[in-house]
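Report on the structure given below.
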Amino acid sequence: MNHPWDDDDINVPTAVNLALWRRIVAHAFPYRRPALGLALAGLVVALADTAMPLITARLIDAAVRGQPFSELSMWGVAYLVAFTVLAAMIYLFIRFAGDVATGMAYDLRQEGFRRLQDLELAFHDRHPLGWLVARLTSDVGKVSGLLPWLLLDFVWGPSLLLGIMVAMFAMHPPLALTVMMIVPPLAIMSLFFQRVLLRTSRLMRRANARITASFSESIAGVRTTKMLAREEESLGEFDELSQDMFQHSMRAAVLSAIYLPAVVLAGNIGLGLALWKGGLLVESEALSLGTMIAFMQYATLFGVPVQDLARQFTKMQAAQAAAERVQSLLDAVPTIRDAEVTRVPEPSEGLPSAANDSEGFASGAVPVRSVVFDEVHFAYKPEEPVLSGCSFSASAGQTVALVGPTGGGKTTIVKLLSRFYDVNGGSVRIDGVDVRELPMAWLQRRFGIVLQTPHLFSGSVADNIRYGRLDATHGEIEEAARLTHADRFIRKLPKGYDTEVGEGGATLSTGQRQLVSLARALLANPQIFVMDEATSSVDTETEQAIQAGVEAVLQDRIAFVIAHRLSTVRNADKILVVKDGGIAESGSHAELLAQGGHYARLVASNRVPEAVA
């Protein structure tokens, strides 16, 4: 089975992608002041770290030579000043790092969420919820949390190494060369582990994406799992994914456990060389005791930035996959978006101008007069066409019912009309204008869509009804609920309209969620109203009452109804039988019965098949 995370190429070159990291660093530009402060603090810390062994050497030599107390005090004060500066800079870079990390995380999540809102429905169909959530949570956290410390260590580490080398060569070049013998082994180890750790980190991120997606999907479908008594099988599938993650994590842990101690070992070898060579020089009086102790401190200190850079380099390898995921989301370009030049329908005589509605988007300002499908071709997959030459029209004041066999394309017609997808051929026009030329906001503000399984958001009943019109008054909310008969059950709730519905409307029944969704759609005052099995979970009597209320509100507007109940479709002004990718029959209930075709046979069997896109 293919998953979107399987698209990640594991067998790619394992070098650090500097171009990618430059783009990630660019996200820190709004926080350049704390980032600059972080870099300066790192530089000062490196200078203080470099100076302290030198001060120690002078202090020891002054004591050994019996220098006056004033000179000892001077070097003691210098050491205290260096230590105080070091402590102050550490406090500052921790604070600056926090500012950069939290600010970047906020911006990346905001930008990523905004991009998800802009991307077309097909993008969300291709990517599971857990996969997207992982990008905005763990991936963003990993990148934003790492970047300030990378900046600090990439300033502090090289600066300290340079300062150590300058100080050592200034004091005793031959001994400095001896200590520097550890550099080539460190470089070779870094090059080797770079390649291995990067591949392992990619495998870990892919396994993590699978686990997150599986976890989210399993929780969402827990009712189905229990109804089918499939808990053990689901646990086994999840355990298989967890084992995969465990193996890759263990491999990464083992590699890191080998890498970092190897760096420490190299540093200890440098310390041993300094002690051995320096001891011989002190014995021959070619080197002072204080200078040898300073060399030992430098040899010990030399391994610290190398070890820290190696640790950050390892983290950078692991975070590169996360950085790629975050940046790829931010770079995703919606395939369905406003054209470079958009236009809106010209108003009929006596109607307001559509151009005046381009900013306010008041749904009722410009009535939609007609909808036309002209030889529309569409396929979700090129090899599996759904619509082939589909043509029909609808006018203001008409209710159009879509019926036909499962998979015939009924819901697809609605998705194309609202431009959740774009046609592959032909055109969909509203008032003579191709929907691809209409501004997206202008178009979608004119739709009210109610699905068979509507989604409610966490919050109160009133919050969910006003979701599409935040400026609606409480009276308008109650009126919409009354027209859809949602008011009947809402008033019986513990807190009425202020009752919390829970995540996804979990505290309400399916039928109640449908009624709230209907009220929400009506309150938005749509020009084109779509009901996709919107009353399938209510009784026939309530459905008829709802239809009467909806018809009263939607006079002179266009309504599309997808349903399998005969009572829902028989009063429609036009019934379209969608079959084999096109409109097989079209007409009123009486006209289609007279034709004696597919619809007549459905009526004779007293059923209209359920609607599935």
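Counting from 9, one number per residue, gives the positions in the sequence shown under our numbering.
Yeah, the Cβ is synthetic: ideal placement off N, Cα and C, and Gly gets one too.
Taking 3 residues as the minimum length, the beta strand (DSSP E) runs contained wholly in the region 503-574 are 536-540 and 566-570, in order along the chain. For residue 110, the uninterrupted alpha helix (DSSP H) run begins and ends at 77-126, by DSSP. Per DSSP, residue 419 is not a residue of any beta strand (DSSP E); the alpha helix (DSSP H) it occupies stretches across 418-425. DSSP places residue 607 in the uninterrupted alpha helix (DSSP H) bounded by 606-612. Under a 10 Å Cβ-count criterion, residue 247 is classified as exposed, with fewer than 16 other Cβ atoms of the shown protein chains found around its own Cβ. The alpha-carbon of residue 127 is positioned some 27 Å away from that of residue 514. Cβ atoms of residue 583 and residue 454 stay farther apart than 8 Å, at about 23 Å. Exposed is the label assigned to residue 91, since fewer than 16 other Cβ atoms lie within 10 Å of its Cβ. Residue 591 is bridged by DSSP to 586. In the three-state scheme derived from DSSP, where H, G and I count as helix and E and B as strand, residue 388 is classed as strand. Its chain contains 209, 210 and 213 as the residues whose beta carbon lies nearer than 6 Å to that of residue 329, once the 5 sequence neighbours on both sides are disregarded; these appear in chain order. With distances taken between CA atoms, residue 508 lies nearest to 471 out of 525, 500, 471 and 539. Looking at the backbone, the Cα of residue 434 and that of residue 394 are separated by about 14 Å. Residue pairing by DSSP places residue 393 opposite 387 in a beta bridge. Sequence-distant Cβ neighbours of residue 298 in its own chain, meaning closer than 6 Å and more than five residues away, are 65, 68 and 69.
Judged by pairs of C-beta atoms under 8 Å, the region 314-326 does not touch the region 288-296, as fewer than three such pairs exist.
DSSP, reduced to helix, strand and coil, places residue 409 within a strand of the structure shown. Residue 337 and residue 375 have their C-alpha atoms some 37 Å from each other. In this structure, residue 457 sits away from residue 473, with a CB-CB distance that is not shorter than 8 Å.
With a cutoff of 8 Å on beta-carbon distance, residue 492 and residue 530 are scored as near each other. Residue 419 and residue 520 have their C-alpha atoms spaced approximately 22 Å apart. Here the alpha carbon of residue 263 sits roughly 23 Å from the alpha carbon of residue 29.
Under the 8 Å Cβ criterion, the region 601-611 does not count as touching the region 431-448, having fewer than three qualifying pairs.
Annotation for residue 171: the continuous alpha helix (DSSP H) segment containing it runs 148-179. Taking residue 57 as the centre and dropping the five residues before and after it, the same chain places the C-beta of 168 closer than 6 Å to its C-beta, in chain order. The continuous beta strand (DSSP E) containing residue 456 extends over residues 455-458. The continuous beta strand (DSSP E) containing residue 433 extends over residues 433-438.
A direct Cα-Cα distance of roughly 10 Å separates residue 425 from residue 452. In this structure, 437 is the residue among 480, 423 and 437 with its C-alpha nearest to the C-alpha of residue 351. In the structure shown, residue 230 adopts helical secondary structure according to DSSP, grouped into three states. With fewer than 16 other beta carbons inside 10 angstroms of its own, residue 137 counts as exposed.
Counting the other Cβ atoms within 10 Å of the Cβ of residue 591 gives 16 or more, which makes it buried.
When the alpha-carbon of residue 190 is set against those of 107, 461 and 276, the nearest one is in 276. The alpha-carbon of residue 205 is positioned some 21 Å away from that of residue 219.
Assignment of beta-bridge partners to residue 400 by DSSP yields 381. Residue 498 and residue 467 have their alpha carbons spaced roughly 14 Å apart.
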